[in-house]
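Top to bottom, those sequences are chains A and B. If you read the first sequence in the working numbering, its first letter stands for residue 3, the second for the next number, and so on. If you read the second sequence in the working numbering, its first letter stands for residue 3, the second for the next number, and so on. Glycine included, C-beta positions come from ideal geometry on N, C-alpha and C. Structure, as C-alpha cells:
Number of protein chains: 2
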Amino acid sequence: MQRTSLADMPCSIARTVDLAGEWWTPLILRDVYLGLTRFDDIQANLGISRKVLAGRLERLVDGGVLERRPYQERPPRHEYVLTTKGLDLVRAFFALMAWGDRWTAGDAGPPMRLRHDSCGELATPEVACSHCGKPLTAESVTPEPGPGARVRKGTSGLAQLFART
Amino acid sequence: MQRTSLADMPCSIARTVDLAGEWWTPLILRDVYLGLTRFDDIQANLGISRKVLAGRLERLVDGGVLERRPYQERPPRHEYVLTTKGLDLVRAFFALMAWGDRWTAGDAGPPMRLRHDSCGELATPEVACSHCGKPLTAESVTPEPGPGARVRKGTSGLAQLFART
DNA sequence: CGCCTTGGTTCCTTGAAGGAACCCACCCTA
DNA sequence: TAGGGTGGGTTCCTTCAAGGAACCAAGGCG
C-alpha cells in the first residue's frame, strides 16, 4: 500500500506503524488474540483478500509478532499464535480500543469489554505513568530527546528529531 | 490506500484504525503534537506528498481530531491544532510508542522520552486497569461482548462478534 | 515590477488492494 | 478408484491510492 517505509525513522511510533500499522494488520492481530488462529477463519471473518492476508501474516511472522506453528502433521496444518512481543502489542492496542470506545462507539456502547482477571471488574484501559501510576495524558507530559535521537544540524524544535533523513 | 472501509465494523479497534490508522496519519499527529502545526512544516519534516498530506489533514479535521485554525488574517494563514479528541488519541499513541521503544529501538535506545510533569520522572507509558490501577496485559484480561456487540447467528467464538456484515 | 511564502491543487506514473480463480496435498466415503 | 471436501495458500487481472513534480493564487515586500 505504501511506497515509503517508515522503518528507518528515529521514532518509535513510526517503527511500530511500519510493522503493525498496515491496513488490516491490527484487525488480524485482534482476531488471533480472540482465538481465530487459522488462515481461512481470519479470511472469512474479515472478508480480506487471501493474497493480502498471506502477505500480512508473513510480515508479522518475520517481525516476531506471530508464530506459525503446526498443530498437526499429516496433513500438515498450522495456526498462527501471538508471541510475547505480539501479546505486548495487543496490550497497546487496548489503548486504541479504549479511545474508539470513548469517541466512536456512539449510543450503542462498546462492542467488546475487558474483564480484568485480577480484580474481577470491567476495565477501561488507561495509559498511566510507570513511575507514579497516575494517568499519563498528552497535556501532562513534556517530551524530550532520548538516547536514540538523531538531531539534525540547522534545525530546531523537537519534531525535527524525527526528520526522515 | 484502501478500498475497504473499516468504519462500520462493530469494533473499536477497527473504527480507530479507519480514522487514525491510515499510512502517515499517526506521524502527522505526532508532528502536530510536537509543535509542527503548519502544512509546509509537516510536509518537509515527513517528506510526504503534498497531495496525501492535504487529504489526511482534511480527514482528521472532519473526524474532529484536528482543528484548522487561522492564526493571522491578511494574508490568511492557518495552523492545525489537536482537539481534546486528538490529544486523547495522542495519549493512546504513547502506548504504541512504548511498544516501539521496547521492541524496535535496539541498542541506541528510545529516540524520545516523556517527562511526567506531575511526578517529574521520565515515564514509560503503561496500559493499566481503570479500576484497580494494576497493569492490564493481554493475558490478564478476559474479553466479553459489550452493549454495542453484534452477534451473528450460526457462529460461535468471540471473534465472530466482529464479522464485517 | 518581480519574487517570496503559505497552503494547497493538478497531472502522470507506479504499485498495492480487491476479487476471483486456480492449485496441491491429504483425507474420507462409496 | 473416483469424486468431493478442507486447509493454506498462489496467480492473474482490474482498480484506485501513493509518490513526485509542476502549477497556482493571494498577499506581502524590496
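- Straight-line spacing of the CA atoms in ASP103/A and ARG79/A works out to 36 Å.
- Within the segment 45-60 of chain B, the residues whose Cβ lies closer than 7 Å to some Cβ of chain A are ASN47, LEU48 and GLY49, listed in chain order.
- LEU98/B: member of the alpha helix (DSSP H) spanning 86-106, first to last residue.
- Beyond the five residues adjoining it in sequence on each side, ARG117/A comes within less than 8 Å, by CB distance, of GLU123, LEU124 and ALA125 in the same chain, given in chain order.
- For PHE95/A, the chain B residues whose C-beta falls within less than 7 Å of its own C-beta are ILE15, listed in chain order.
- Per the coordinates, the alpha-carbon of GLY88/B lies some 32 Å from the alpha-carbon of VAL63/A.
- PHE164/A belongs to the set of residues whose beta carbon lies under 9 Å from a beta carbon in chain B.
- For chain A, the residues of the segment 66-98 of chain B that bring a beta carbon within less than 7 Å of one of its beta carbons are LYS87, LEU89, ASP90, LEU91, VAL92, ARG93, ALA94, PHE95, PHE96, ALA97 and LEU98, in chain order.
- In this structure, PRO113/A keeps its C-beta atom at 9 Å or more from the C-beta atom of PRO112/B.
- If you ignore the 5 residues before and after LEU91/A, its C-beta comes within less than 7 Å of the C-beta of ALA22, LEU31 and VAL67, all in its own chain and listed in chain order.
- At the C-beta level, TYR73/A and VAL34/A stay beyond 9 Å of one another.
- When Cβ-Cβ separations below 9 Å define contact, LEU62/B makes no contact with chain A.
- Spanning the alpha carbons of VAL19/B and PRO77/B requires a straight line of approximately 36 Å.
- Excluding its 5 nearest sequence neighbours in each direction, ASP109/B has no C-beta neighbour in its own chain below 7 Å.
- With at least 16 other beta carbons inside 10 angstroms of its own, THR27/B counts as buried.
- With 16 or more other CB atoms across the displayed protein chains lying within 10 angstroms of its CB, ARG115/B is buried.
- The residue from SER51/B, ARG17/B and PRO145/B with its alpha-carbon nearest to that of ARG93/A is PRO145/B.
- Positions of the alpha helix (DSSP H) runs, each at least 4 residues long and wholly inside the segment 13-52 of chain A, are given as 14-22, 27-35 and 41-48 in order along the chain.
- Only buried fits GLU24/B, as 16 or more other CB atoms lie within 10 angstroms of its CB.
- In summary, the residues of the segment 122-142 of chain A whose CB is separated from some CB of chain B by less than 8 Å are GLU123, LEU124, ALA125, THR126, PRO127, GLU128, VAL129, ALA130, CYS131, SER132, HIS133, CYS134, GLY135, LYS136, LEU138, THR139, ALA140, GLU141 and SER142, in the order they occur in the chain.
- When the five nearest sequence neighbours on each side are left out, the beta carbons in the same chain lying within less than 6 Å of the beta carbon of ILE50/B are those of TRP26, in order along the chain.
- Not a single CB atom of chain B sits nearer than 9 Å to the CB of ASP42/A.
- Judged by DSSP secondary structure, LEU68/A falls within the beta strand (DSSP E) whose first and last residues are 68-74.
- Membership of GLU146/A in the beta strand (DSSP E) is indicated by the continuous run 143-147.
- With contacts defined as CB atoms closer than 9 Å, ILE15/A and LEU84/B fail to qualify as a contacting pair.
- When the alpha-carbon of CYS131/A is set against those of PHE96/B, TRP105/B, THR139/B and LYS53/B, the nearest one is in PHE96/B.
- Around the beta-carbon of THR86/B, fewer than 16 other beta-carbon atoms lie within 10 Å, marking it exposed.
- Apart from sequence neighbours up to five positions away, the residues of its chain that approach THR39/B with a beta-carbon distance below 7 Å are GLU81, TYR82 and VAL83, ordered along the chain.
- ARG70/B has its alpha-carbon roughly 42 Å from the corresponding atom of GLY37/A.
- Per DSSP, PRO113/A lies in no beta strand (DSSP E) and is assigned neither H nor E.
- Contact between CYS134/A and CYS134/B is ruled out by a C-beta separation of about 16 Å, above the 8 Å threshold.
- When DSSP reads this structure, HIS118/B sits in a beta bridge with VAL143/A.
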